[in-house]
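Residue numbers (our numbering): 674 to 995.
Structure record follows, encoded as structure tokens.
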């Protein structure tokens with residue numbers, strides 16, 4: 674499977690959990706696939722991953738390394754190209770997908786799976802980016818348990834700047850912390866809506882002071898919220914979900930339809946994008962962005978792409994509406 678010399682069954686862009694899971698589906702059907710891994714992962718700042726049985730609270734880099742090693746040792750139909758960034762993507766008139774990497778090499782495949790992930794758009798608050806993944810968490814099923822204790826906060830701005838989502842996250846925090854504060858960053862009307870939605874909760878409150886900066890707590894534990902008026906508050910951790918955007922522009926090059934939040938629009942539950950033969954897997958095509966969902970959607974994308982290919986090769990109609 675060398676560049677330009679052959680057409681493989683699948684080109685898989687992304688070497689995280691979604692891309693590796695998709696590749697494994699092709700391997701199990703003895704179909705050829707090339708995985709392009711540029712080494713960029715959303716959870717790179719996290720010391721540990723969670724929610725995968727057997728891999729709970731272990732480094733995500735170890736998970737990826739074990740998956741790569743196991744796959745390439747067991748299946749000679751899979752090739753994984755590390756430190757390789759795909760620059761362009763197109764579908765030819767013959768229905769073949771062509772990719773070119775930054776080194777100028779060209780690759781051809783019958784199916785294309787985009788598992789490029791997303792990148793988080795950091796808030797313009799000093800200290801936010803530095804504490805992201807360390808004391809600011811977007812998923813409380815992934816993070817927060819180890820920091821459970823006296824108090825936690827919700828940064829109710831951006832995607833969490835509405836009463837329904839803010840309270841949804843706050844409720845999750847009540848399972849981990851005795852007290853929860855929703856920081857509304859000067860938005861008095863939002864704070865009033867949140868208070869009106871407290872229901873019977875007695876361990877939630879709002880804070881409308883405007884946030885100036887964020888800093889690590891003493892000894893690197895917890896997080897300090899500093900306000901414009903010179904005061905500050907300390908929490909065990911903050912929950913916040915920043916906006917995300919798909920990593921790279923391959924979806925745009927292919928003219929794929931997007932969902933309202935910017936993810937690649939896919940046909941549920943088959944993971945096929947708006948262009949036949951293209952499938953999206955992982956964070957770039959899902960609302961729920963975590964490792965378990967990436968593994969699941971990666972397998973679905975791989976299986977459906979494989980299924981579609983086998984039907985195509987035999988001149989038959991797939992069992993599924995692909």
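Ideal Cβ positions, reconstructed from N, Cα and C, are used throughout, including at glycine.
Hey, how far is the Cα of residue i from the Cα of residue j?
i	j	result
residue 897	residue 854	13 Å
residue 813	residue 915	14 Å
residue 799	residue 856	16 Å
residue 834	residue 741	39 Å
residue 866	residue 827	15 Å
residue 875	residue 829	19 Å
residue 920	residue 792	6 Å
residue 690	residue 758	17 Å
Using a 10 Å radius around the Cβ and a threshold of 16 neighbouring Cβ atoms, would you call residue i buried or exposed?
i	result
residue 873	exposed
residue 679	exposed
residue 767	exposed
residue 971	buried
residue 846	buried
residue 733	buried
residue 935	exposed
residue 783	buried
residue 990	exposed
Along the chain, where does the alpha helix (DSSP H) that runs through residue i open and close?
i	result
residue 796	That residue, residue 796, is in no alpha helix (DSSP H); it is neither H nor E in DSSP.
residue 771	Element bounds for residue 771: not the alpha helix (DSSP H) but the beta strand (DSSP E), 770–774.
residue 971	964–986
residue 787	Here residue 787 belongs to no alpha helix (DSSP H); instead the beta strand (DSSP E) covers 779–787.
residue 692	690–701
residue 836	836–847
residue 926	923–926
residue 880	Note, residue 880: premise wrong, no alpha helix (DSSP H); beta strand (DSSP E) at 877–880.
Between the Cα of residue i and those of the options, spot the shortest distance and give me the residue it belongs to.
i	options	result
residue 794	684, 715 and 758	715
residue 893	823, 948, 935 and 804	804
residue 918	764, 927, 959 and 972	959
residue 686	732, 771, 977 and 745	771
residue 889	946, 823, 801 and 713	801
residue 736	818, 717 and 796	717
residue 709	755, 698 and 861	755
residue 852	862, 865 and 877	877
residue 746	975, 697, 837 and 936	697
residue 693	724, 953, 981 and 943	953
residue 891	902, 790 and 910	910
residue 912	825, 932 and 899	825
residue 884	979, 743, 839 and 904	904
residue 713	688, 726, 700 and 702	688
residue 744	699, 926, 727 and 777	699
residue 948	923, 969, 962 and 961	923
On the premise that residue j lies in contact with residue i, defined as a C-beta separation below 8 Å, what is that separation, rounded to the nearest angstrom?
i	j	result
residue 785	residue 951	5 Å
residue 706	residue 751	6 Å
residue 719	residue 806	5 Å
residue 773	residue 760	6 Å
residue 906	residue 683	Not really, about 50 Å apart at Cβ, beyond 8 Å.
residue 882	residue 861	Contact doesn't hold; Cβ gap of about 11 Å is too wide.
Starting from residue i and walking both ways along the beta strand (DSSP E), at which residues does that stretch end?
i	result
residue 741	Counting along the chain, residue 741 falls outside any beta strand (DSSP E), though it belongs to the alpha helix (DSSP H) covering 733–747.
residue 683	680–686
residue 908	905–908
residue 713	First-last for residue 713: undefined, no H or E at that position.
residue 853	850–856
Does the beta-carbon of residue i, which I'm using as the reference point, lie nearer than 7 Å to any heavy atom of the ligand ATP?
i	result
residue 908	This structure lacks the ligand ATP; in fact it carries no ligand of any kind.
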